[in-house]
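Chains Z and C supply the protein sequences, listed in that same order. Under this note's numbering, the residues of the first sequence are numbered 1 to 344, in order. Under this note's numbering, the residues of the second sequence are numbered 1001 to 1433, in order. Where is the CB? At the ideal position from N, CA and C, for every residue including glycine. Data block below; observations after.
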Amino acid sequence: MSGPQAEPRRLNMIEAINEALSVTMEGDPDIVVLGEDVGYFGGVFRATAGLQEKFGKNRVFDTPINECGIIGAAVGMGAYGLRPVPEIQFADYIYPGMDQLISEAARLRYRSAGEFIAPITVRSPFGGGIFGGQTHSQSPEAIFAHVSGLKTVIPSNPYDAKGLLIAAIEDNDPVIFFEPKRIYNGPFTGYYDKPVEPWKKHDDSVVPDGHYRVELGTARNVTEGDELTVLAYGTMVHVAKAVCEEKGINAEIVDLRTIVPLDIKVIEKSVKKTGKCLIVHEATRTSGFGAELSALVQEHCFYHLEAPVARVTGFDTPYPHSLEWAYFPGPVRIGEAIDKLLSE
Amino acid sequence: MGKSPVNADEARGNKPKLSLHVPEPHYRPGDAVDFSHVEITKAGDQARPDETCDAKDTHPLCLDLIRVLGDDDKAHGPWNPRLSPDTLRTMLHNFALVRAFDERMHRGQRQGKTSFYMKCTGEEATSVSAAMALASDDMVFPSYRQQGILIARGYPLVEMINQIYSNKGDKLKGRQLPIMYSSREHSFFTISGNLATQTPQAVGWAMASAIKGDSRIAATWIGEGSSAEGDFHSACTFAAVYNAPVILNVVNNQWAISSFSGFAGAERTSFAARAMGYGIAGLRVDGNDALAVFAAQQWAANRARSNAGPTLIEYFTYRAEGHSTSDDPSAYRSAHEREEWPLGDPVTRLKKHLIDLGEWSEEQHAAMDLACADEVKAATKEAEKNGILGHGLHHPFSTMFEDVFEELPWHLKEQSEQAIREREIKWPEGKKP
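Spelled out as structure tokens, the structure:
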């Protein structure tokens, strides 16, 4: 028996994701998990550990190294009536499955006028910061945000990861669920040379048992502030927060959590209050999701803006292996942008 | 210019210079056609292994050609499905109805009633006879030339025409290119214009059926041209790995728009022979032989239902008409190919077989053709009450934004309002777009 003073239960991102899969699979026998190495081994990041043992090989199984086949088979399973949760081992590997996502999963409901749907959630670790080189570090979220019919979700902490993944799996539309792998085991402030802090010291690692949802399309104010608004998601929420704390800036950091559908109301309210907006993402700059955010902010908040909307992003190069920390949009790049915004 | 090392060519041995092979069809426009190089087997000569045999026992059949209907119009050998005269007449009627439908829809496109149409002339058996060998609730994942499946499954012609006209009766709300049907009720998956994507989906559906311990199987159709797509390799690999209860039908009609089958690898081996590399069952079948098509599909269905795994079937046939109403085949192939095609016409062959059995006559056939033409004409008139393409009788503007997602998000709501505003400006009261 635990007393009333018992410590709350804390999980890291991997454990939270694993629990979301387990909880939804217990409640819905139509949910199946498939992907490279997800079965007996439990996934290269351990996100599906124990699931095959618990739910059997009919519901959790390995696949050929064939992303087109993984997504294509998942679309067919969805048409049958299952609710597949395929894993693409790295977001960088998703491209062979793009036609099945863009032309098929995203379009079934529309082209069949609702006769067939693709209730699939494609989980995939994404982003850099783990010395993955150019094929294990990319952040391709803008490509998916550009596709009508897809939802794109990016959690930044264990609590959201579980609640968003449950909401994504229960959603009847196809969802791309990108997991920032740099923060699987602890939030990352961008100071790569400092020791990693584990999730258990972070408020958002308190994860309730059982079923709960974080609704898609809802952003969250991580901090309240009036000097400027920072729009970010995934790893960059933590990096931006650390920079603002270090600088003693009273910033309002908005964690978008899902980029499609986008919570425009929270963005609009915050930017109208602060009058200044910084957008931070790790992905490359040109036609990145920051471009869309920047356009939306000026469309919705132009007469409240006191300075041009600023973007801090990865550079428009492939993700370099040895120069990872020169590439990463870390504290220096963010700090410089904030200084410029606040001086205007 | 950089200088190559002296004697580098010599060092590699006395070989000719490398040269690229770009396939070229046997005949181009105006050429006389001689198909004597196409090996035609004797009907009835091909062995029929048990449906649950080892996949390798079928592999000799991948380079053979399964035929039942002989030049004598009789059914021969172990692949004879021994269908009743009633079933054969139903099949022939389906053929005739498909052909009448194709004729009328093609003409309708020429008359400006719609933007696009695709006939399946000469390939009727590959969809009709195959569909008749499946259960009506086995899930099919067709490509774009399998209208015969819908007709064999009794899908109303009016619904097909509504879709072709993109009119207000179109269940797909005018969103899809003509002939890209969908009917969940008839276990007919929504057709994609992106080729071969349906093949791994069919395998996934079949895997789901196996996961659930269901008894239904899946079947998919693809042209030989798009069998070159990676998706088809994905489908074969997944089908083999999970022993999925699925049938992979490759309709080898020799032409992919203007590219002959050589551009999909036909100069090297048969399409059925792909099965050998995946270790799955494979059959190569005379696609203009209705009985052979039925028998092969039935064999593969029985195999799938016995948990004995997938089958890849190549139907060797000929695309007698253009690719679509947007295509002019006289620009790239000899017009004599159609008349010289050594496997004849599937409708004529089945008709002659029924006559030979004493179960049909030329008079009955002519009457049936007339009745089919009338039936299609009546359905066309009925569908035209719902409008033809571009004449205003389409779905309301708001439907453009529905079904992108289950619920309409704010940004699509905004865009929907824009479209409605524009409508009032572009087409004021009284005028129709």
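Contact check, residue i vs residue j, beta carbons under 8 angstroms
i, j, result
"H136(Z)", "F188(Z)", "no"
"Q1163(C)", "V1098(C)", "no"
"N58(Z)", "I1211(C)", "yes"
"H1186(C)", "Y1155(C)", "yes"
"V222(Z)", "I183(Z)", "no"
"E104(Z)", "T1197(C)", "yes"
"L165(Z)", "L216(Z)", "no"
"L278(Z)", "V230(Z)", "yes"
"V1128(C)", "A1292(C)", "no"
"Y1278(C)", "A1240(C)", "yes"
"C1062(C)", "A1266(C)", "no"
"I120(Z)", "V75(Z)", "yes"
"P1245(C)", "R1305(C)", "yes"
Contacting residues, own chain, Cβ-Cβ under 6 angstroms from residue i (five flanking each side not counted)
i, result
"G133(Z)", "H321"
"H1323(C)", "I1257"
"I154(Z)", "F178, Y233, G234"
"S156(Z)", "G234, V237, D255"
"L1343(C)", "D1286, N1288"
"V243(Z)", "P331, I334, G335"
"V1022(C)", "none"
"T152(Z)", "E141, F144, A145, I176, I259, V260"
"Q1109(C)", "Y1117, T1325"
"P1085(C)", "E1359"
"A1152(C)", "N1094, V1128, A1131, M1132"
Start and end residues, beta strand (DSSP E) containing residue i
i, result
"D1286(C)", "1281-1286"
"V1251(C)", "1246-1252"
"L231(Z)", "228-232"
"H238(Z)", "Element bounds for H238(Z): not the beta strand (DSSP E) but the alpha helix (DSSP H), 235-247."
"H352(Z)", "With chain Z running from 1 to 344 in the structure shown, residue 352(Z) is simply not present."
Cβ neighbours of residue i in the same chain (closer than 8 angstroms, five flanking residues each side left out)
i, result
"L1177(C)", "S1115, F1116, G1193"
"M1001(C)", "The predicted position of M1001(C) is uncertain, since its pLDDT is 46 and thus under 50; no value can be drawn from it."
"S1334(C)", "Y1027, R1028, P1029, G1030, D1031, A1032, V1033"
"P1060(C)", "A1047"
"K1352(C)", "D1073"
"Q1201(C)", "F1141, F1189, T1220"
"Y327(Z)", "G128, G314, F315, T317, Y319, P320"
"E19(Z)", "L11, K162, V207"
"G210(Z)", "V23"
"Y212(Z)", "K162, G163, I166"
Residue span of the alpha helix (DSSP H) that contains residue i, given as start and end
i, result
"F1141(C)", "Per DSSP, F1141(C) belongs to no alpha helix (DSSP H); it is in the beta strand (DSSP E), 1139-1141."
"R1104(C)", "1085-1110"
"A251(Z)", "That residue, A251(Z), is in no alpha helix (DSSP H); its beta strand (DSSP E) goes 251-255."
"F144(Z)", "141-145"
"R1421(C)", "1410-1426"
Nearest-angstrom Cβ-Cβ length linking residue i and residue j, presumed shorter than 8 angstroms
i, j, result
"A91(Z)", "F178(Z)", "6 angstroms"
"G72(Z)", "Q100(Z)", "5 angstroms"
"L1172(C)", "A113(Z)", "5 angstroms"
"I149(Z)", "F1405(C)", "According to the sequence provided, residue 149(Z) is Gly. The question's Ile does not apply to it. The pair is a contact, with the Cβ atoms about 7 angstroms apart (cut-off 8 angstroms)."
"G1387(C)", "P1025(C)", "The pair is not a contact, with the Cβ atoms about 42 angstroms apart (cut-off 8 angstroms)."
"L1248(C)", "S1226(C)", "In fact, because the Cβ distance is near 12 angstroms, the residues do not count as touching under 8 angstroms."
"V85(Z)", "I17(Z)", "So it is not a contact: roughly 10 angstroms between Cβ atoms."
"L1456(C)", "A1379(C)", "This structure cannot speak to residue 1456(C), because chain C is shown only from 1001 to 1433."
Own chain, CB closer than 7 angstroms to residue i, minus 5 neighbours either side, in chain order
i, result
"V44(Z)", "D37, Q89"
"F350(Z)", "Past the boundaries of the shown model lies residue 350(Z); chain Z is included only from 1 to 344, so the question cannot be answered."
"R1303(C)", "E1051, T1052, A1281, G1309, T1311"
"I65(Z)", "E36"
"L1389(C)", "K1113, T1114, S1115, Y1165, S1166"
"Y351(Z)", "Given a span of 1 to 344 for chain Z in the structure shown, any question on residue 351(Z) remains unanswerable."
"S287(Z)", "A142"
Closer than 9 angstroms at the beta carbon, the chain D residues around residue i
i, result
"F1238(C)", "Chain labels in this structure do not include chain D; the protein chains are Z and C."
- Message: Using a Cβ-Cβ cutoff of 8 angstroms, what residues of the stretch 1170-1181 of chain C are near chain Z? List them in chain order.
- Response: K1171, L1172, K1173, R1175, Q1176, M1180
- Message: Taking beta-carbon pairs under 7 angstroms, can you tell me which members of the stretch 99-115 of chain Z lie near chain C?
- Response: D99, Q100, S103, E104, L108, R109, Y110, R111, S112, A113, G114, E115
- Item | Chain-ordered residues of the stretch 1405-1417 of chain C with a beta carbon less than 9 angstroms from chain Z | F1405, E1406, E1407, P1409, W1410, H1411, L1412
- Message: Please identify, using Cβ separations under 7 angstroms, the residues of the stretch 1196-1218 of chain C that lie next to chain Z, in order along the chain.
- Response: T1197, P1200, Q1201, A1202, V1203, G1204, W1205, M1207, A1208, S1209, I1211
- Which residues, in chain order, does the stretch 48-75 of chain Z contribute to contact with chain C at a C-beta distance below 7 angstroms? N58, P64, N66, C68, G69, G72, A73, A74, V75
- Looking at chain Z, which residues of the stretch 1105-1138 of chain C have a Cβ within less than 8 angstroms of any of its Cβ atoms? none
- Message: Which residues of the stretch 141-156 of chain Z have a Cβ closer than 8 angstroms to any Cβ of chain C? Give them in chain order.
- Response: Residues of the stretch 141-156 of chain Z whose Cβ lies closer than 8 angstroms to any Cβ of chain C, in chain order: S148, G149, K151.
- Task: Output, in sequence order along the chain, the residues in the stretch 162-181 of chain Z whose CB is closer than 7 angstroms to any CB in chain C.
- Result: N172, D173
- Name, going along the chain, the residues of the stretch 1260-1280 of chain C whose beta-carbon falls closer than 9 angstroms to a beta-carbon of chain Z. none
- Pull out every residue of the stretch 26-38 of chain Z whose Cβ sits closer than 8 angstroms to any Cβ of chain C, in chain order. V32
- Name, going along the chain, the residues of the stretch 1185-1196 of chain C whose beta-carbon falls closer than 7 angstroms to a beta-carbon of chain Z. F1189, T1190, S1192, N1194
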